Amino acid sequence: MTEVQSLIGEEIYGMRLNRRILANHITLQQKNKLPNVISISAHKAHEMNQGNSARIAIINSGCCTAHPKIESCLETDALKQGRNILMCESLDPNDPADPDKKYLLDDKASHGTPIAGIITDVAPESLLYIFKVTKKGKQGTLRLEHVLRALAFSIHEEFDCDVINLSFGIDNHSLFKTACDDLFYNKGKLLVAAAGNTRIGKIFPAAFDSVISVGSVDDYKAHSIFSNLDETVDICAPGEYIFSIDAPHFLERLLDRATMQKISRYRRAYALNSGTSFATPHVSGVLALGVSLLRARGYRIGEDIPAEEVKQVLCDTAYKPEMNAEKVKSALREEIEEETVKRACGKKTKKFSKLLTAEDLQQKLDRIMGLSEDELYSQALGSGVVNAKSFLTKLAESYQ
Numbered sequence: 227m228t229e230v231q232s233l234i235g236e237e238i239y240g241m242r243l244n245r246r247i248l249a250n251h252i253t254l255q256q257k258n259k260l261p262n263v264i265s266i267s268a269h270k271a272h273e274m275n276q277g278n279s280a281r282i283a284i285i286n287s288g289c290c291t292a293h294p295k296i297e298s299c300l301e302t303d304a305l306k307q308g309r310n311i312l313m314c315e316s317l318d319p320n321d322p323a324d325p326d327k328k329y330l331l332d333d334k335a336s337h338g339t340p341i342a343g344i345i346t347d348v349a350p351e352s353l354l355y356i357f358k359v360t361k362k363g364k365q366g367t368l369r370l371e372h373v374l375r376a377l378a379f380s381i382h383e384e385f386d387c388d389v390i391n392l393s394f395g396i397d398n399h400s401l402f403k404t405a406c407d408d409l410f411y412n413k414g415k416l417l418v419a420a421a422g423n424t425r426i427g428k429i430f431p432a433a434f435d436s437v438i439s440v441g442s443v444d445d446y447k448a449h450s451i452f453s454n455l456d457e458t459v460d461i462c463a464p465g466e467y468i469f470s471i472d473a474p475h476f477l478e479r480l481l482d483r484a485t486m487q488k489i490s491r492y493r494r495a496y497a498l499n500s501g502t503s504f505a506t507p508h509v510s511g512v513l514a515l516g517v518s519l520l521r522a523r524g525y526r527i528g529e530d531i532p533a534e535e536v537k538q539v540l541c542d543t544a545y546k547p548e549m550n551a552e553k554v555k556s557a558l559r560e561e562i563e564e565e566t567v568k569r570a571c572g573k574k575t576k577k578f579s580k581l582l583t584a585e586d587l588q589q590k591l592d593r594i595m596g597l598s599e600d601e602l603y604s605q606a607l608g609s610g611v612v613n614a615k616s617f618l619t620k621l622a623e624s625y626q
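Okay, so the sequence shown: first residue is 227 according to the working numbering, each after it adds one.
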């Protein structure tokens, strides 16, 4: 459900990136000065908390667990780092009947790996648990039964995750909603999902009230053109050209041997990624900081504090950038007009949902054009851009 673009001389939306830029980003990462981290004030929040003891489940395509960037955020015992749900047939993560492949968390889609990397930039002392539910990054490869099993595993006593990152979209289903509602309202788990990259409309699980829906903004905190406009968007985070780690074998398919040898000194691959999938882990990381801060003060979400209250504080403390409503409307109009022409010519496109007809797109455009500035702001940015420092400060003031 996202656009993944690897760099090293590759074209990314017309911007050419070279090894010098790559090296510069790695230096910034080592100094904890990545633009996306600074944009959400996470570097300032680290003065208060860095996520110690917070547990985050990443339900996605797996993860390159050998990457040195995230090794410190995983259990030292490889058998406790997560599960390959595709290889598990029971609801018991330790069922001896399941094959040993249930411990293989490799990421062939290079989607879960950068998500994990972003979380470690925001909450460097948190613990990550990987639950692999798909071999590929395409939305169509997800099966509801695997996602539901991953949710069940994430709260099993062996993992007991506080935050669950859901950077994907899947069809709406009553069983899925029931599971998310139970985790959020009854068990105090914080579920965070991508709002989608199809410009307009709902995707699930982000559209559920029990899930925090995350849209994308650029470096200037302006709404990303691909980020879904919808009333279910709760908050936004950086989601354009986000620098993070990459699964090395994914990059090997794109680069020649000589180029790979030149970047070998960086030990593992790195990449820039765009999409709400990569905005989502910023919010997951910020929530992990909050979980850790509260736990250090003797509070547990779900037992002492309702998850709804934490979600409200997250939204109330968001940074509220200005937005040019006419620019957003104009950009959407141009994209829909272009989409209509391409479809009439029989050309394939991934900008909008294939389920929407030309008439559907026009109806949605008319609805967006009729929105007031405040209504459009809410659908584009939700409550604003996540602010880690303000979030922790408010929690610290509220829970002494």
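From the three backbone atoms N, C-alpha and C, an ideal C-beta is built for every residue, glycine too. Bear in mind the structure is a predicted one, so any value in this text is a computation, not a measurement.
The residues L618, in chain order, have a CB closer than 6 Å to that of M274 in the same chain once the five nearest residues on each side in sequence are set aside.
Each residue's CA atom was taken as its position, placing E552 and S442 some 18 Å apart.
In this structure the segment 525-539 does not lie against the segment 499-506, because fewer than three pairs of beta carbons, one per stretch, are closer than 8 Å. By the C-beta density criterion, S265 is buried, having at least 16 other C-beta atoms within 10 angstroms. About 5 Å separates the Cβ atoms of V348 and A268, confirming a contact at the 8 Å cut-off.
If you look at K413, you'll find it isn't in any beta strand (DSSP E); DSSP assigns it neither H nor E. Listed in chain order, the beta strand (DSSP E) elements of length 3 or more contained wholly in the segment 450-478 are 461-464, 468-472. Annotation for G343: the continuous alpha helix (DSSP H) segment containing it runs 338-348. Residue state for G308 is assigned as strand, using DSSP reduced to three classes. Annotation for A280: no alpha helix (DSSP H) segment contains it, and DSSP assigns it neither H nor E. Contact check for L513 against A622 fails: the beta carbons are separated by 8 Å or more.
Around the beta-carbon of C290, 16 or more other beta-carbon atoms lie within 10 Å, marking it buried. Secondary structure note for L392: its beta strand (DSSP E) is the uninterrupted segment 389-392. For V437, the three-state secondary structure derived from DSSP is strand. In the same chain as A280, and ignoring 5 residues on each side of it, the C-beta atoms closer than 6 Å to its own belong to S352, D388, A514, V517, S518, in chain order. Bounds of any beta strand (DSSP E) do not take in I594; it lies within the alpha helix (DSSP H) bounded by 584-595.
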